[in-house]
Amino acid sequence: MSDDTLPDPDSEPYWDGAAAGELRYRHCASCETVIFYPRSLCTHCGAPNPDWAVSKGQGTVYAVSVVHRAPPAFKGQSPYAVLLVDLDEGFRMMSRIIDVEPDSVSIGDRVRVIFQDGPDGRPTPYFTPA
Amino acid sequence: MSLKRACAIAGVAESRLGVVPDSTVLTLQAEALVAALADAGLEKSDVDGLLVSGAWGRLPGLQIAEYLGIQPSYADSTMVGGASFEFHLGHAAAAIQAGLCKVAVILYGSTQRSRADKYIFQIRNDLGYQYEAPYGLPTPVGSYAMAASRHFAQYGTTSEQLADLAVSTREWAALNPKAYRREPLTREDVLNSGPIATPLNKLDCCLFTDGGGAVVVVSPEIAKTLDKAPVWLLGQGESVSHAQISEMPDLTVTPAAKSGARAFEMAGVTHTDLDLVQIYDSFTITVLLTLESLGFCSPGAGGEFISNGRTGPSGEFPLNTNGGGLSYCHPGQYGIFLIIEAVRQLRGECDARQVADATLALISGTGGVLSSNSTCILGVE
Ligand SMILES: [Zn+2]
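Just so you know, the protein sequences line up as chains A and B, in that order. Terminal number for the first sequence in this note's numbering: 130, no gaps in between. Terminal number for the second sequence in this note's numbering: 1381, no gaps in between.
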């Protein structure tokens, strides 16, 4: 998993945030659009260099799949539950739920972010029941 | 501006399909090209447009043209996943309408099964994918599983309903001598085939085969000089939504909603006018979502729509009559085979699986992870 091209100039503040225990996203001051994943322009109005903001890390499960056939780099970890989470600030991200049985997670469940080292050793956002 | 009757399909062919170890991506495409030109009654020297897509090699659009000895004056290497060939059909029509070429060939080949080509969904963890890669979602199946989970929760759709689609598709495959899997299949077989990524089981997923195909697209003037009756492009629309599943705005609505509306409007026909439908079936859920997005049923009604044999040979809605990506073949990017089957049905060449009096067909290709869609309406009148 390790890749020495990461973080890149777009993502460095995001991964720095994760290392500091912050879930960072971007926000357009011109049109109020919430932007995730972080980009160098507003995905709605095109304004350059949107502001960085910090999420409270609370959200709702939008979709979930329990993985039984893991990709080679994740062999031995299955089954595990991968989520799409709608954060309360209005953006969606992929993550995984931990500290709970994978089959017990349902769409609509409330979850909160926690940070743990990811597969490449970098602090990475995961979720746990709120 | 419209593409209605801007071009006709004059020839179609597959290469050998399934497991073809004594081949390369180039030999399979050459095989399909020769057969499709013969089907059309045209020569290689007539070809002045070449539209290709693939994840093999370094520059597939150049490598295949060189190998075939074709120096096209119109070239298109659009790569939007398995739907690329339905995009190509619209692009070929526009090019022919503009006078940029007269005989365009759409080509595809893959030896992913026998020779481990670099598959289009090799794991990436750079750029946008760095926000998904740490979590181990298998691609593409996990992304489609996410969409299925959402549809199940939102509308009460069930694994049994998805299984019924796989069963009906297999019933069509049993009638197609070229299909890879033809043995009978039951709902229980699908439900018990083992979870890959919930709620999708192994038999909700497409095959993993070798194979190639070719489609010869010609100007109306040339179409009228050929022996076989032309199959006309009556409408086409295309739409691109996202690259990765976490960026899909609504997991229950695919880009077919936009491309389909445009295709229907261009063709000037409605759903009930159609005699048959070919919809990209990378996974059972792909078909359900595409049917809803195209407006064949209301949002949430897709599960009921595809269940109880409705789309099979004995049902009222002929769908994926070659056996689809689920049971006929799926060499990585399946979209070209949607065109091939629709053309054969409209020509009445399908023997045991022929849909009676077929004159109007819809094909809808989906690529990536519900990311891209092009929908085309074809007719013989
Ligand atoms: Zn903006």
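Here a beta-carbon is modelled for each residue, glycine too, at the ideal position from N, C-alpha and C. Predicted model, so just to flag it, every value in this text is computed and none were measured.
Checklist line | Where the alpha helix (DSSP H) through residue 127/A begins and ends | finding: Locating residue 127/A in the first sequence gives position 127, where the first residue counts as 1. Where residue 127/A is concerned, there is no enclosing alpha helix (DSSP H), although the beta strand (DSSP E) it sits in stretches over 123-129.
Checklist line | C-beta contact flag for residue 1234/B and residue 1009/B at 8 Å | finding: Here residue 1234/B corresponds to residue number 234 of the second sequence, with the count starting at 1. Here residue 1009/B corresponds to residue number 9 of the second sequence, with the count starting at 1. It is not a contact, given that the beta carbons lie outside the stated cut-off.
Checklist line | Assumed close pair residue 1327/B, residue 1169/B - CB separation to whole angstroms, cut-off 8 Å | finding: Sequence index remark: in the second sequence, residue 1327/B carries index 327 (1-based). Sequence index remark: in the second sequence, residue 1169/B carries index 169 (1-based). That pair is a contact at about 5 Å.
Check: Can you list the residues of chain A that residue 1198/B reaches, using a CB-CB cut of under 7 Å?
Finding: Along the second sequence, read from residue 1 onward, the residue named residue 1198/B stands at position 198. Going along chain A in sequence order, the residues near residue 1198/B (Cβ under 7 Å) are 65, 66.
Check: Hey, does residue 1170/B have any beta-carbon neighbour from chain A nearer than 8 Å?
Finding: As a first step, residue 1170/B is located in the second sequence; it is residue number 170 there, counting from the start. It does not: the Cβ of residue 1170/B has no partner Cβ on chain A nearer than 8 Å.
Item checked: Per DSSP, the bridge partner or partners of residue 1279/B -> Working through the second sequence from its first residue, we reach residue 1279/B at position 279. For residue 1279/B, which the question treats as bridged, DSSP gives the partners 1364/B.
Notebook entry, point to check: If you measure from the beta carbon of residue 116/A to each beta carbon in chain B, is any gap under 8 Å?
Noted result: On the first sequence, residue 116/A is found 116 positions in, with the first residue counted as 1. Cβ-Cβ to chain B under 8 Å: no for residue 116/A.
Notebook entry, point to check: Where in the segment 1275-1323 of chain B do unbroken runs of the beta strand (DSSP E), each at least 3 residues long, occur, reported from the N-terminal end onward?
Noted result: 1276-1279
Next item on the list: Could you tell me if residue 1350/B is buried or exposed, where buried requires 16 or more neighbouring beta carbons within 10 angstroms of its beta carbon?
Entry: Counting from one through the second sequence, the residue named residue 1350/B turns up at place 350. That one is buried.
Checklist line | Every unbroken beta strand (DSSP E) within the segment 1087-1167 of chain B, with a cutoff of 3 residues, ordered by chain | finding: 1103-1110
Note to self: So, with DSSP's three-state summary, where would you put residue 1006/B?
What the structure shows: Position 6 of the second sequence, counting from 1, holds the residue named residue 1006/B. Coil.
Check: Any idea what DSSP makes of residue 1180/B, helix, strand or coil?
Finding: Along the second sequence, one-based indexing puts residue 1180/B at 180. Coil, per DSSP.
Note to self: I need the boundaries of the alpha helix (DSSP H) containing residue 1027/B, first residue and last residue.
What the structure shows: Counting from 1 along the second sequence, the entry for residue 1027/B is found at position 27. Element bounds for residue 1027/B: 1025-1040.
Notebook entry, point to check: Do you know offhand how far residue 1123/B's Cα is from residue 38/A's?
Noted result: For the purposes of this step, residue 1123/B is taken as the residue at position 123 of the second sequence. For the purposes of this step, residue 38/A is taken as the residue at position 38 of the first sequence. Those two C-alpha atoms are separated by around 21 Å.
Check: In chain A, what lies closer than 9 Å to residue 1126/B by C-beta?
Finding: In the second sequence, counting from the first residue as 1, residue 1126/B sits at position 126. Within chain A, the residues near residue 1126/B are 3, 5, 6, 8.
Check: Anyone know if the C-beta pair for residue 65/A and residue 1142/B falls short of 8 Å?
Finding: Taking the first sequence and counting its residues from 1, the one referred to as residue 65/A is at position 65. Taking the second sequence and counting its residues from 1, the one referred to as residue 1142/B is at position 142. Closer than 8 Å, so yes.
Next item on the list: Output yes if chain A places a C-beta closer than 8 Å to the C-beta of residue 1136/B; else output no.
Entry: Taking the second sequence and counting its residues from 1, one reaches residue 1136/B at position 136. It does; some Cβ of chain A falls within 8 Å.
Checklist line | Interface flag, residue 1064/B vs chain A, CB-CB below 8 Å | finding: Against the second sequence, residue 1064/B aligns to sequence position 64. False, the Cβ-Cβ gap to chain A never drops below 8 Å.
Margin query: Let's test the definition: count the other Cβ atoms within 10 Å of the Cβ of residue 1062/B and tell me whether it reaches 16, buried, or not, exposed.
Written below: Taking the first residue of the second sequence as 1, we reach residue 1062/B at position 62. Label assigned to residue 1062/B: exposed.
Next item on the list: Please list, following the chain, all residues that have a C-beta closer than 5 Å to any non-hydrogen atom of ligand 1.
Entry: 28/A, 30/A, 31/A, 33/A, 42/A, 44/A, 45/A, 47/A
Checklist line | Pairwise C-alpha distance: residue 1085/B and residue 1013/B | finding: Within the second sequence, residue 1013/B is the residue found at index 13, counting from 1. Within the second sequence, residue 1085/B is the residue found at index 85, counting from 1. Rounded to whole angstroms, residue 1013/B to residue 1085/B spans 14 Å at the Cα level.
Next item on the list: To the nearest angstrom, report how far apart residue 1371/B and residue 84/A are at their CA atoms.
Entry: Position 371 of the second sequence, counted from the start, is the residue given in the question as residue 1371/B. Position 84 of the first sequence, counted from the start, is the residue given in the question as residue 84/A. If you take the alpha carbons of residue 1371/B and residue 84/A, they lie about 16 Å apart.
Notebook entry, point to check: Taking C-alpha atoms, which residue in 1195/B, 1016/B, 1090/B lies nearest to residue 1051/B?
Noted result: Here the question's residue 1051/B lines up with position 51 in the second sequence. Nearest option by C-alpha distance: 1090/B.
Notebook entry, point to check: In chain B, which residues lie with their C-beta within 8 Å of the C-beta of residue 77/A?
Noted result: Counted from its first residue, the first sequence places residue 77/A at position 77. The contacting residues are 1136.
Check: Roughly how many whole angstroms lie between the Cα atoms of residue 73/A and residue 36/A?
Finding: Within the first sequence, the letter at position 73 stands for residue 73/A. Within the first sequence, the letter at position 36 stands for residue 36/A. Roughly 26 Å separates the two Cα atoms.
Margin query: Quick check on residue 1199/B: does DSSP put it in helix, strand or coil?
Written below: Along the second sequence, read from residue 1 onward, the residue named residue 1199/B stands at position 199. Looking at residue 1199/B - three-state DSSP - the assignment turns out to be coil, as it is neither helix nor strand.
Margin query: Using CA atoms only, rank isn't needed, just tell me which of 1260/B, 1113/B, 1030/B is closest to residue 1361/B.
Written below: Taking the second sequence and counting its residues from 1, one reaches residue 1361/B at position 361. It is 1260/B whose Cα lies nearest to the Cα of residue 1361/B.
Next item on the list: Please list, in chain order, all residues of the same chain as residue 1239/B whose beta carbon is under 6 Å from its beta carbon, the five residues on each side excluded.
Entry: Start at 1 with the first residue of the second sequence, and residue 1239/B comes out as number 239. These residues qualify, in order along the chain: 1255, 1258, 1259, 1373.
Notebook entry, point to check: For the segment 99-115 of chain A, which residues have a CB atom closer than 7 Å to at least one CB atom of chain B, in sequence order?
Noted result: 107
Next item on the list: Output the boundary residues of the alpha helix (DSSP H) element that contains residue 1266/B.
Entry: As a position in the second sequence, residue 1266/B is number 266, starting the count at 1. 1256-1267 is the extent of the alpha helix (DSSP H) around residue 1266/B.
Item checked: Close Cβ partners of residue 1114/B (< 8 Å) along its chain, the five nearest in sequence each way excluded -> As a working mapping, residue 1114/B is identified with position 114 in the second sequence. Here the set comprises 1019, 1020, 1021, 1023, 1210.
Margin query: Counting only beta-carbon separations shorter than 8 Å, does residue 37/A have a partner in chain B?
Written below: As a first step, residue 37/A must be located in the first sequence, where it is residue number 37. Yes - at least one Cβ of chain B is within 8 Å of the one on residue 37/A.
Next item on the list: Output, in chain order, the set of chain B residues within a Cβ distance shorter than 9 Å of residue 60/A.
Entry: Position 60 of the first sequence holds residue 60/A. In chain order: nothing, as chain B lies at least about 12 Å away.
Check: Comparing alpha-carbon positions, which option in 56/A, 50/A, 76/A lies nearest residue 114/A?
Finding: As a first step, residue 114/A must be located in the first sequence, where it is residue number 114. It is 56/A.
Check: Given residue 1348/B, which residues of its chain have a CB within under 8 Å of its CB, disregarding the five upstream and five downstream residues?
Finding: Reading the second sequence from its first residue, position 348 is the one you call residue 1348/B. Counting only Cβ-Cβ distances below 8 Å, and skipping sequence neighbours, we find 1354, 1358.
Next item on the list: Answer with yes or no whether the minimum CB distance from residue 119/A to chain B is below 8 Å.
Entry: If you number the first sequence from 1, residue 119/A lands on position 119. Judged by the 8 Å Cβ criterion, residue 119/A is in contact with chain B.
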